[in-house]
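Worksheet: the structure to be examined is printed underneath.
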Amino acid sequence: MNTSEDEQAALAYEFRRQLTGIQANAELLLDEAFGPLEPEQRDALEEIVASTGDVTTLAAHAFETTDPETVVPVDGEPDADLQPRPTDPDEVGEITLGLAGTLGEQVAAQLERAGYAVRLVEPTTLLEAERAPTSLAIDCGLPTADVLDSLASLAEASDSLSLLSTLETDASPAAFLGISGVLAPTATDEALEAALAAVDAAIDPRVGYVGDEADLPERLAKLGCEVVASSAVDDLESLPPDRVDCLFLEATAVDRLDPTAIAAVRAPDGGPQRPIVVVGTPPSSSSAEWVPTVGNRAFARKPPTSVDLAAELARALPAGDRE
Amino acid sequence: MSEDRILVAEDDEHVNELLVYRLETAGFDVTAVDDGAACLEHVRLAEPTPDAILLDLMLPEYDGFDVLRRLEERDPDSKPAVIVVSGRGLEDDVVRGFELGADDYVTKPFSLSEIVARLRRALR
């Protein structure tokens with residue numbers, strides 16, 4: 290048995306050990322060993338026992354099976370190497386990862402397994418920081434106007450910034466949005482062209498624009514874009530996925546958007562994810578009209594796994610695939 | 006009410022207490038130890054010997070597999086029934102447990118009622 294299998298077996302053992310106490314105590318309570326139960330208490334305990342069984346099954350699949358097809362969808366093979374690894378971990382400082390919950394822990398574990406030093410923090414804490422660390426990856430949800438300001442500052446100050454939005458959809462645990470950057474509404478044509486270049490828009494790109502600014506859609510059209518614009522966020526839901534190459538979303542529209550609608554347009558089934566440019570007010574500390582996200586901006590796999598995400602983040606590190 | 010004697014060999018204090026509590030409630034005469042050496046010593050010295058052992062595999066001193074090997078050396082007429090109760094759920098562990106003489110193998114987390122049912126079946 291190799292080291293990786295030993296680690297998985299040890300992890301499975303710990304899961305089972307901890308679950309034993311939960312299930313056994315719940316059963317004792319259900320047996321009324323410590324006194325009679327109200328119906329609601331009984332219901333709650335039965336749910337605990339059922340959930341314990343589900344977690345046991347999940348743990349068994351995750352740690353005790355060698356069949357990759359049975360791995361739970363939220364995460365990939367726990368012991369898979371990150372591929373590719375273009376950046377030597379020794380050349381990179383600590384990666385600050387602003388990802389919440391289990392996914393954050395899984396991604397951090399994957400990066401650490403690959404030799405990177407990782408600091409895992411809450412995304413909101415990071416956004417409020419005055420100084421941006423280097424090599425930053427952050428889950429900003431679907432960014433609101435306030436978040437965009439902070440993101441623009443962080444994008445400027447960080448050597449490597451990957452912005453993520455994780456959305457819950459009915460179809461998958463999370464669909465990842467990559468934010469290509471923040472564009473000022475008053476951006477010059479030069480800045481607009483830089484933004485279009487950043488999203489790898491093809492010649493005569495088709496842009497889906499959601500917001501109230503009349504000027505920007507017109508200027509994008511003058512630059513050769515085929516623009517499908519709407520101020521009504523509901524129109525985004527009716528936008529066929531094959532009609533746009535990228536999305537420009539105004540910050541105020543972002544605040545009103547239905548996350549499932551944006552996810553559907555962003556990542557149509559079987560197709561690549563469309564990049565997103567957020568149109569918002571630049572931070573007061575920056576005079577730039579286009580603040581790009583340095584590094585990776587899009588994650589095409591669905592459902593995403595922590596291995597995939599960690600590999601993409603590793604590619605975004607300095608000396609890696611930097612834009 | 007059963008007067009079968011059960012030896013619980015489990016190093017996790019909380020799991021040990023839960024098993025003892027449940028088994029005593031079910032009418033068994035229960036002794037608990039928390040390492041493999043104490044388990045073997047109790048089997049060797051106790052009069053009468055336990056009728057069954059609930060054996061964790063990850064025990065200090067001697068692990069559960071070692072305990073199973075040593076118990077197999079005993080006279081079959083005086084050998085207790087052994088139910089392995091372990092957090093090691095890999096197929097290899099289960100097979101090895103049976104090959105070394107376990108009468109049953111239950112992976113954690115377990116149902117206390119199931120443990121009692123399996124004990125009663127092993128003791129028949």
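From first to last, the protein sequence lines are chains A and V. Note that the numbering used here gives residue 587 to position 298 of the first sequence, counting from 1, and the numbers run on in steps of one. Note that the numbering used here gives residue 80 to position 75 of the second sequence, counting from 1, and the numbers run on in steps of one. For each residue, glycine too, the CB sits at the ideal point set by N, CA and C. The model shown is predicted, which means the values in this text are computed figures rather than measured ones.
Legend entry - Nonlocal neighbours in the same chain, by C-beta distance under 8 Å from V533 of chain A, ignoring five residues either side: R495, V496, G497, V517, V554, R563
Legend entry - Any C-beta of chain A under 8 Å from that of D68 of chain V: no
Inset, instruction - Measure the alpha-carbon distance for C535 of chain A versus T477 of chain A and round it to whole angstroms. - result: 19 Å
Legend entry - Beta-carbon separation (whole angstroms), P114 of chain V vs T309 of chain A, contact threshold 8 Å: 4 Å
Inset, instruction - Might you give, ordered along the chain, the residues of its own chain that have their beta carbon closer than 6 Å to the beta carbon of A322 of chain A, omitting 5 neighbours on each side? - result: none
Legend entry - P55 of chain V classed as buried or exposed, judged by whether at least 16 other C-beta atoms fall within 10 angstroms: buried
Legend entry - Cβ-based contacts, 9 Å cut-off: residues of the segment 301 to 313 of chain A near chain V: A301, Y302, E303, F304, R305, R306, Q307, L308, T309, G310, I311, Q312, A313
Inset, instruction - Taking only the alpha-carbon atoms, compute the straight-line gap between A37 of chain V and H19 of chain V and give it to the nearest angstrom. - result: 12 Å
Legend entry - CB of V111 of chain V within 8 Å of CB of V89 of chain V, strictly: yes
Inset, instruction - Check F537 of chain A in the structure and name its three-state DSSP category. - result: strand
Legend entry - CB-CB length for G470 of chain A against A484 of chain A, believed under 8 Å: 6 Å
Inset, instruction - Could you tell me the distance, in whole angstroms, from the CA atom of F304 of chain A to the CA atom of E296 of chain A? - result: 12 Å
Inset, instruction - Please classify R27 of chain V: does DSSP put it in a helix, a strand, or coil? - result: helix
Legend entry - Beta-carbon proximity check, G106 of chain V vs E77 of chain V, cutoff 8 Å: yes
Inset, instruction - Rounded to whole angstroms, what's the CA-CA distance from E336 of chain A to G393 of chain A? Just pull it up for me. - result: 27 Å
Legend entry - Per DSSP, the bridge partner or partners of A86 of chain V: V:A57
Inset, instruction - Grab me the residues of I311 of chain A's own chain with a C-beta within less than 8 Å of its C-beta, minus the 5 sequence neighbours each way, in chain order. - result: I337, T341
Inset, instruction - Assuming L538 of chain A and R508 of chain A form a contact by the criterion Cβ under 8 Å, report the distance between their Cβ atoms to the nearest whole angstrom. - result: In fact, because the Cβ distance is near 16 Å, the residues do not count as touching under 8 Å.
Inset, instruction - Starting from V20 of chain V, find everything on chain A with Cβ-Cβ shorter than 9 Å and list it in chain order. - result: R306, T309, G310, A313
Legend entry - Test item: CB-CB of E316 of chain A and S116 of chain V under 8 Å: yes
Inset, instruction - Output the boundary residues of the beta strand (DSSP E) element that contains G324 of chain A. - result: Neither: G324 of chain A is in no beta strand (DSSP E) and is coded neither H nor E.
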